[in-house]
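Residue numbers (my numbering), protein chains in the order written: chain A, 32 to 603; chain B, 3 to 568. For glycine and all other residues, C-beta sits at the position ideal for the given N, C-alpha and C. To start, the structure under review is shown below, and the notes come after it.
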């Protein structure tokens, strides 16, 4: 009894100190579980419930429609009481551009829940939502998501959207997809016992599996491929399934046609989903940071996507490196990597467009990796099998069962289920949700944060006055990446001196030091307004002065698409 | 109301009665639209049909016409894979008006449409015996409206749409060009400056050329205007949008405001792309505009692109096709070279490099310095027949005349901000748009060129069809697929980009009755004239049974040969 009371007291104390809020608070305004997956209708309903439960902080909108007409529902999280949306740096987060890579949507839901449910309760999270804007689109490809969840698939199928494509160029589209012959909800494999002359034999170590025979051996099995019946009777199996393109190759930066990049689509943004997202990003130049969730492999990926593109400028790489290294700490078993060097070449990828086309610091996280199965870096070839047998109690592998195939006759069907390899087992989902949310929220904290360090008004005699200001970005992410400045992406930052009274501005300079020779003529727009193409870099302070005649009072305003707006008055 | 209907009926009678004179004028968007509809209504439904393309940024309907033998029945009873291809007949797509400042193409196409629809029955049937035409007279409807604007004009290229050209974060279009000297034209300003980067051209002192290492720059130049937004730049934020013929994905220049935020960002370019992609019958593309690839044929690639690299120059075989078609065009007079050789993001390059279509860009008119300065100063559109002596080509003479006479001499002007400057330069639009009196002549030449081009289309056929009984219920079928046309069945680039459907040979039989040979065979492209592919099947059948063999070229028409088993 005493022990029970002690435990109860300890729990109350923990709750009072907020320790329980390390993740989600116990009492949720919108109940949700993170040990299950949601279909698109459930996701949309949850977004609506968040909007209803947090009307002052959440706004849901439809930014476009998928090929099959599903709405692309995006939620904006921000606190309008603390400033205008466009005056705040924003982070954009999306997921599930590949239909089968579903767990990112749950990470998005977790991020939404985490920020909203903790607002006013947890200091850092409250500050984040007060100071930043979050645009979150849990599923870029709702058609592919629902198709993967509701229909028979493999772990890797339903990657595409669902616009019919004539993949085998025979004049018909989507006429020969796989068939769930045994009706088990997954597309598994077909094998046939041929007696001799086969390519495979039963694995002596585990009779559930086949192994390829050596050159001097006679196999008694052949593998026919994944479940299918050659619907179009062309002698090829499953060669023209649903869709057959890649939304993550359909973005305009370094887009290459289909003959160079498989899945590219007819032209950049030819698909309604990618176009809607692209239009949204361009309409929200305050987005300074971006995350797109995929699976699998445990990677924190940045561009460039192809070897023909130059490495990012050094200062930009320093920002990525710092965030990437931080990510590796937050996300055990994840590695920070460069797409084309460490994974594969991607032309027309989304984060490449965001980074190189729009000047946004952008990452793709590949969720779930093999090390998570047994929580160790040391992985082995039997891990998948052992995990199925020891942890998933056999649910990831369907044993071979006989089947009478219309073309091949007596065959067997069996193998790995669709949820066995790329998505988190539901019981391991919540940790992935939290750690990836933490990665993005740390990144959101690193978005530019500006303040005036100093501001002075000095009388130089004969009616001449010197206005000086120093403005600083306290954070890691610059207001303008070097790529953005070099390619004139978006608008430069502007620093403007104004006064309600008429005044003359005789000169303006950037102060690189205290001496006159260290005064640099900035790029002027009508002298009172300076154009800062390269913005404010990582934790950088820049100082400026104007020589003016006029009574004042003066106001200096710094305006940056990604850094927001700061104003400082200079009274005489 | 009744009176109105009678009037309408009378109007229709008059129109149908042949009062359809070719317009021969530069038409604004409203007139172009009504003329297109009028032509479509006037022509016989079996000859002409309106096909909507899309809507411009400012809401104008972009419309194409299909002209040809439109009553031709589609083949029926086809296998599912060929059902969609049964109605196809090869089409030549004619596009103009991709650039806002070039209107001659649309005038010429409207003239041609009226001419085609007015052809007598037999002549029409002959002209359109084996192909249709898809005619899209103007794509940049909005931008071209600036030509018709009252008051001072300039011919800055670009569609409608506001771009913050000077990226000052203020309202877009706040620093427009102006007619400072009130002469009704917006020309150019030049002024001497120690930091000048231009000098006068030694050959033609009216013109400015960039200074080089040997010649120190003397002048600065700018379009006529003031610094209205106080940023030290002059007329740097005019009200023009994206240049549509830079907005296609082949060679697209990223981070260039004139090219657009991304390929196919504009409603017009996307509509045109979707229009083309939805019409696999398009076999050849001809663009009348500011580019050309027939007067100056681009060099062939020296080696094929590396793996995962796009092609950027035509293959040697495809360049030969350009040469072949250039020779046809040259028969109609010396073709005009485009002002700029490079065509980044252009429609015609997209059609060739990414769709694999033979794609020809033709510049219909470009004012240029004459080869013989003493050539007749009064050129007349008096010559319609084929041209044998280019030096006396009336159109060339007109181009030289415009170059000579349409230049307003530099005239001193006291600029309110710059001080003394000179204002002068070519009158807007005239260098690329000849007087309307030349439209008929250009149209006649282009019609001869287009007819000759159509005569060169690939002509796929089945030859030497032989059926032999080789055993009980066993038959051998042999045939050759041939190309009698003067063009290859598809370009070499089509084989690379794999956008056009492949040439298919189909034996319309269940697979289990075919003992040898493929029921559906995909054939490689067949070269012009010598192209030949042998096919053979061994099948089970019975005497007197009728079988169909189908040949489906990439762009049509579908051919069906019937075989009776002996």
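Three-state class that DSSP yields for residue i in the structure shown
i, result
"residue 189/A", "coil"
"residue 224/A", "strand"
"residue 508/A", "coil"
"residue 529/A", "strand"
"residue 520/A", "coil"
"residue 541/A", "strand"
"residue 218/B", "coil"
"residue 413/B", "strand"
"residue 528/B", "coil"
"residue 217/A", "strand"
"residue 139/A", "helix"
"residue 584/A", "coil"
"residue 196/A", "coil"
"residue 386/B", "Confidence at residue 386/B is low in this model, with a pLDDT of 46, below 50, so the placement of that residue is unreliable and no value is reported for it."
"residue 118/B", "helix"
"residue 362/A", "coil"
"residue 460/A", "helix"
"residue 402/A", "helix"
"residue 247/B", "helix"
"residue 130/A", "coil"
Range of the contiguous beta strand (DSSP E) that encloses residue i
i, result
"residue 66/A", "No beta strand (DSSP E) contains residue 66/A, which DSSP labels as neither H nor E."
"residue 96/A", "89 to 96"
"residue 69/B", "63 to 69"
"residue 595/B", "With chain B covering 3 to 568 only, the question about residue 595/B has no answer from this structure."
"residue 2/B", "In the structure as shown, chain B begins at 3 and stops at 568. Residue 2/B is therefore absent and cannot be evaluated."
"residue 554/A", "554 to 556"
Continuous alpha helix (DSSP H) stretch holding residue i: start and end
i, result
"residue 44/B", "31 to 44"
"residue 396/A", "Element bounds for residue 396/A: not the alpha helix (DSSP H) but the beta strand (DSSP E), 392 to 398."
"residue 437/B", "Per DSSP, residue 437/B belongs to no alpha helix (DSSP H) and is neither H nor E."
Residue j beta carbon less than 9 Å from that of residue i
i, j, result
"residue 144/B", "residue 243/B", "yes"
"residue 328/A", "residue 370/A", "no"
"residue 232/B", "residue 528/A", "no"
"residue 523/A", "residue 517/A", "no"
"residue 138/A", "residue 120/A", "no"
"residue 199/B", "residue 212/B", "yes"
"residue 196/A", "residue 231/A", "no"
Residue-level contact to chain E via CB, residue i, 9 Å cutoff
i, result
"residue 339/A", "Among the chains of the structure shown, chain E does not appear; the protein chains present are A and B."
Q | Any 3 or more C-beta pairs closer than 8 Å across the segment 422 to 431 of chain A and the segment 215 to 231 of chain A | A | yes
Q: Count the C-beta pairs between the segment 205 to 222 of chain B and the segment 255 to 270 of chain A that are closer than 8 Å, then say yes if the count reaches three, no if not.
A: Too few Cβ pairs lie closer than 8 Å, so no.
Q: Output, in sequence order along the chain, the residues in the segment 236 to 252 of chain B whose CB is closer than 7 Å to any CB in chain A.
A: 251
(Q) Below 8 Å, how does it come out for the segment 160 to 178 of chain A and the segment 272 to 283 of chain A: are there three or more Cβ pairs, yes or no? (A) yes
(Q) Against chain B, which members of the segment 267 to 295 of chain A pass a CB distance test of less than 8 Å? (A) 283, 284, 286, 287, 288, 289, 290, 291, 292
Q: Give the residues from the segment 523 to 555 of chain A that approach chain B closer than 8 Å (Cβ to any Cβ), ordered along the chain.
A: 523, 525, 555
Q: Give, in chain order, every residue of the segment 165 to 182 of chain B whose Cβ lies closer than 7 Å to some Cβ of chain A.
A: 169, 170, 171
Q. Do the segment 541 to 559 of chain B and the segment 501 to 519 of chain B touch if we need at least three Cβ pairs shorter than 8 Å?
A. Counting C-beta pairs with one atom in each stretch, the segment 541 to 559 of chain B and the segment 501 to 519 of chain B have three or more that are closer than 8 Å, which means they touch.
Q. Using 8 Å as the threshold, is the segment 157 to 172 of chain B in touch with the segment 244 to 261 of chain B, meaning 3 or more CB pairs across them?
A. yes
Q: Kindly confirm or deny that the segment 484 to 495 of chain B and the segment 321 to 340 of chain B touch, where touching means at least three C-beta pairs closer than 8 Å.
A: yes
Q.
Could you check whether the segment 293 to 306 of chain A touches the segment 338 to 357 of chain A, counting it as contact only if at least three pairs of C-beta atoms, one from each stretch, sit closer than 8 Å?
A. Fewer than three Cβ pairs drawn from the segment 293 to 306 of chain A and the segment 338 to 357 of chain A lie within less than 8 Å of each other, which leaves the two stretches out of contact.
Q | Given 8 Å, three or more beta-carbon pairs between the segment 482 to 501 of chain A and the segment 572 to 583 of chain A | A | yes
Q | Stretch pair the segment 195 to 209 of chain A + the segment 146 to 164 of chain A: three plus CB contacts closer than 8 Å | A | Pairwise C-beta distances place the segment 195 to 209 of chain A out of contact with the segment 146 to 164 of chain A, as fewer than three of them are shorter than 8 Å.
Q.
With a threshold of 8 Å, are at least 3 pairs of Cβ atoms found where one atom belongs to the segment 131 to 142 of chain B and the other to the segment 178 to 197 of chain B?
A. Segments in contact, no.
Q) Quick one: any contact between the segment 464 to 474 of chain B and the segment 421 to 441 of chain B, if contact means 3 or more CB pairs under 8 Å? A) no
Q: For the segment 354 to 367 of chain B, enumerate the residues whose C-beta is nearer than 7 Å to any C-beta of chain A, in chain order.
A: 356
Q: Determine which residues of the segment 500 to 530 of chain B have a Cβ less than 7 Å from any Cβ of chain A, and write them out in chain order.
A: 500, 503, 504, 513, 522
(Q) Using a Cβ-Cβ cutoff of 9 Å, what residues of the segment 374 to 396 of chain A are near chain B? List them in chain order. (A) If the cut-off is 9 Å between Cβ atoms, the segment 374 to 396 of chain A has 376, 378, 384, 387, 388 near chain B.
Q. With a cut-off of 8 Å, do at least 3 Cβ pairs link the segment 262 to 277 of chain B to the segment 45 to 65 of chain B?
A. yes
Q. Just by C-beta distance, which residues in the segment 187 to 216 of chain A are closer than 7 Å to chain B?
A. 200, 201, 202, 203
Q | At least 3 beta-carbon pairs within less than 8 Å: the segment 246 to 256 of chain B vs the segment 339 to 359 of chain B | A | yes
Q) Quick one, which residues of the segment 303 to 330 of chain B are near chain A if we go by CB-CB under 8 Å, in chain order? A) 310, 311, 312
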